[in-house]
Amino acid sequence: MAHDAKREDYQRLSLRYALELDKSGATDAARAFAAFGRRFAQNRDSLPQSDADRAFHLVALATEVIDYRLPFASDTQAEALIRRGRDLLDEAVSLDPSCWDALRMLAATRSASVDERYGYLVEQEDNVRAACEAERDRSLEELGLERGALGASIAMRPYWRWLASMAEDALICGRNRASIDAAERLLASDPSDLSDVRFTLAYALAKLEDEKGLNELASRYESISPLRPADDAWILLARCAVAHSLCNYPAARAMLVRLLESYPGGAALLVRQGELPDGEFARLRVPPYSEDELVLAVSEGIVLLQEGNDRSGRGVFGHWVANTVSELDPEAAKEAARMAKDKGASTS
863 MAHDAKREDY QRLSLRYALE LDKSGATDAA RAFAAFGRRF AQNRDSLPQS DADRAFHLVA
923 LATEVIDYRL PFASDTQAEA LIRRGRDLLD EAVSLDPSCW DALRMLAATR SASVDERYGY
983 LVEQEDNVRA ACEAERDRSL EELGLERGAL GASIAMRPYW RWLASMAEDA LICGRNRASI
1043 DAAERLLASD PSDLSDVRFT LAYALAKLED EKGLNELASR YESISPLRPA DDAWILLARC
1103 AVAHSLCNYP AARAMLVRLL ESYPGGAALL VRQGELPDGE FARLRVPPYS EDELVLAVSE
1163 GIVLLQEGND RSGRGVFGHW VANTVSELDP EAAKEAARMA KDKGASTS
């Protein structure tokens, strides 16, 4: 799952290329299309494309810079990467004023707060939906059954990412019901959940201490994501948080045990509870059940872990998680301390 800007860039041009072959009446379309991958990799500009396609390619380049290089850059590198990413997005909008992904990503750099960006997303949602739905209908009409299904999906993805950002920003702003509403509308539009918005939904339900809602969400996983059960870090951490808030400590501890079973070797990450910048294009792509995925879930889970006051500097729930994981895995606290020391040494 998860959005892949590079793959989507490839898919957009492959569809346009196939359509051009149909129009040209090529006698050996299979042979012509076989050369597409080479041309895409070596001479992309030689392929037929619209300004919207060129704009999305710039978004894909900006995504690599902002989401996958910037979080790991040194202070001296960061300024140049930020400038490069912004320039790419500005150029994308100059080519296609309705490049919704670029506009959404630029809003993050131009808004004074998450609240302000959330307001912008809400204000523009109807325009984004209308434009994407019109492009979807055009794709279905022009591309036929098989190609049309992919074209329709590609057309709707900017709107899906828009809704996913709305859900995430609403959660950060404490607008939990608004986050749930955006997530549910996204799931209604994309039942296969390419955006993994069910993860955001789990945290919003946890913030409302909605144990019933979380149980219902877990039961929906079979239809949303048949190849992956409800044992990801988001749903387990959310259910743990609700159990803890209801003072059902045995159940909360059992959820932590399940979490550690799903992510072997991840105990130190739960003790340390570090943060990463959110992906601007979409949630970062990481392998399922990897340490990277746990890092991402814990980072997004700061909204739960830091809730409440605690003398340790963590939230009440975060402090409990760190202590309990240390009891379950005594080496975890030592490893977390080493990780913190290593990070401090690398940034000093």
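Taking our numbering, the leading residue of the sequence shown gets 863, the next gets one more, and so forth.
For every residue, glycine included, the Cβ atom is placed at its ideal position computed from N, Cα and C.
Since this is a predicted model, take the numbers as computed values, not measurements.
Rounded to whole angstroms, what's the CA-CA distance from residue i to residue j? Just pull it up for me.
i, j, result
"S1210", "V976", "Legend: pLDDT at S1210 = 48, less than 50; position of this residue unreliable, no value from coordinates given."
"A1032", "E1071", "17 Å"
"A896", "L877", "13 Å"
"C1102", "A1114", "4 Å"
"R966", "S1051", "19 Å"
"A1011", "P1126", "38 Å"
"A1100", "S1015", "30 Å"
"G1036", "G1177", "16 Å"
"D999", "A969", "28 Å"
"Y980", "M1028", "6 Å"
"A1045", "L1063", "6 Å"
"A1184", "E1004", "55 Å"
"G1170", "T1186", "17 Å"
"L1098", "G1163", "11 Å"
"R900", "G947", "27 Å"
"S912", "P1150", "35 Å"
"R1120", "L1166", "18 Å"
"E1030", "S1041", "7 Å"
"S1001", "I1086", "25 Å"
"A1199", "Q1168", "19 Å"
"L1007", "Y1065", "37 Å"
"Q904", "V990", "33 Å"
"E870", "D949", "21 Å"
"S1161", "H1181", "15 Å"
"L883", "E953", "29 Å"
"A942", "R1082", "44 Å"
"M1117", "K1196", "22 Å"
"Q873", "R906", "13 Å"
"A992", "E985", "13 Å"
"V955", "V1059", "26 Å"
"D937", "I944", "11 Å"
"L1076", "E1193", "31 Å"
Looking at the secondary structure, which residues open and close the alpha helix (DSSP H) in which residue i lies?
i, result
"I1016", "V976 to I1034"
"E1189", "V1178 to L1190"
"N913", "The amino acid occupying residue 913 in the given sequence is Asp; Asn does not appear at that position. Where D913 is concerned, the enclosing alpha helix (DSSP H) stretches over D913 to T925."
"F1061", "V1059 to K1069"
"P1053", "Segment: none, P1053 is in no alpha helix (DSSP H) and carries neither H nor E."
"P1112", "Y1111 to S1124"
"S973", "Counting along the chain, S973 falls outside any alpha helix (DSSP H), and DSSP gives it neither H nor E."
"R946", "D937 to L957"
"R900", "F898 to Q904"
"R1037", "Taken as a continuous stretch (DSSP letters only), R1037 belongs to no alpha helix (DSSP H), as it is neither H nor E."
"E1142", "First-last for E1142: undefined, no H or E at that position."
"G1163", "Unbroken run through G1163: none, as it is neither H nor E."
"I1086", "E1073 to I1086"
"L909", "Here L909 belongs to no alpha helix (DSSP H), and DSSP marks it neither H nor E."
"L1138", "Where L1138 is concerned, there is no enclosing alpha helix (DSSP H), given that its DSSP letter is neither H nor E."
"A1095", "A1095 to S1107"
Give the C-beta separation of residue i and residue j to the nearest angstrom, bearing in mind that I take them to be a contact with Cβ-Cβ under 8 Å.
i, j, result
"L1079", "L1067", "6 Å"
"H1106", "F1061", "About 19 Å separates the two Cβ atoms, so there is no contact after all."
"R1213", "L957", "Nothing about residue 1213 can be read from this structure; the chain reaches only from 863 to 1210."
Cβ of residue i within 9 Å of Cβ of residue j?
i, j, result
"R1147", "H865", "yes"
"L951", "A935", "no"
"P1020", "W1096", "no"
"L1131", "V1104", "no"
"L1108", "E1155", "no"
"R1134", "A1202", "yes"
"A1026", "S1054", "no"
"A867", "A940", "no"
"P933", "P1112", "no"
"C994", "A1017", "yes"
"E1142", "I928", "yes"
"G1128", "E1153", "yes"
"R1022", "L1048", "Arg is not the amino acid found at residue 1022; the sequence shown has Trp there. Contact: yes."
"A914", "S960", "yes"
"F898", "L881", "no"
"W1024", "E987", "yes"
"L909", "Y930", "no"
"L1122", "D1043", "no"
"D1094", "A1144", "no"
"N1038", "K1069", "yes"
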